[in-house]
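In what follows, a single structure is set out as structure tokens and then discussed.
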Amino acid sequence: NIGDTDLTSFNVSPSSFSFFNENGVEIDSFPLIGDDNSKDTFKPSTIRPNGKNKGKIYITIPKGERVSEMIFYDNIATKDRADTFIFKINN
1 NIGDTDLTSF
11 NVSPSSFSFF
21 NENGVEIDSF
31 PLIGDDNSKD
41 TFKPSTIRPN
51 GKNKGKIYIT
61 IPKGERVSEM
71 IFYDNIATKD
81 RADTFIFKIN
91 N
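Take the sequence shown: its position 76, counting from 1, is numbered 76 in full-length UniProt numbering, and each next residue is one higher.
Written out as structure tokens, the structure is:
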């Protein structure tokens, strides 16, 4: 965020992410994105201006699946035109 105001969590949403297993098959998932949490509450994230943002991503995946790759799309409206950031995950 290079603007002067906070952005809401709608700028980063569950559809901003895709997860894949070690065979390259997309995993059915639903990530929750938020700030630091207590054990009993979930607070959606806010993207602050001119600073570093940190938070947590909680991913629900089917039992037995192992995530080996996460892709973040910076434009959730049109993934085909978004910049993509690929993260390899070691299990």
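Virtual Cβ for every residue (Gly too), placed ideally from N, Cα, C.
What you are looking at is a predicted structure, and each value in this text was computed from that prediction instead of being measured.
Exercise for the section: Would you tell me roughly how many angstroms separate the C-alpha atoms of K88 and S29, rounded to the nearest one? Expected result: The straight-line gap separating the alpha-carbon atoms of K88 and S29 is approximately 17 Å.
Problem - P31 classed as buried or exposed, judged by whether at least 16 other C-beta atoms fall within 10 angstroms - result: buried
Exercise for the section: Keeping to the same chain, check which residues put their C-beta closer than 7 Å to that of S18; ignore five residues upstream and five downstream. Expected result: E26, I71
Practice task
Between the Cα of N23 and those of P14, Y58, I61, S68, spot the shortest distance and give me the residue it belongs to.
Solution key: S68
Practice task
Could you name the residues that DSSP lists as bridge partners for F65?
Solution key: Note that residue 65 is Glu in the sequence shown, not Phe. Beta-bridge pairing links E65 to no other residue.
Exercise for the section: Indicate the three-state DSSP secondary structure (helix, strand or coil) for S16 in the structure shown. Expected result: S16 falls in the helix class under three-state DSSP.
Problem - Cα-Cα separation between P62 and N21, rounded to whole angstroms - result: Rounded to whole angstroms, P62 to N21 spans 11 Å at the Cα level.
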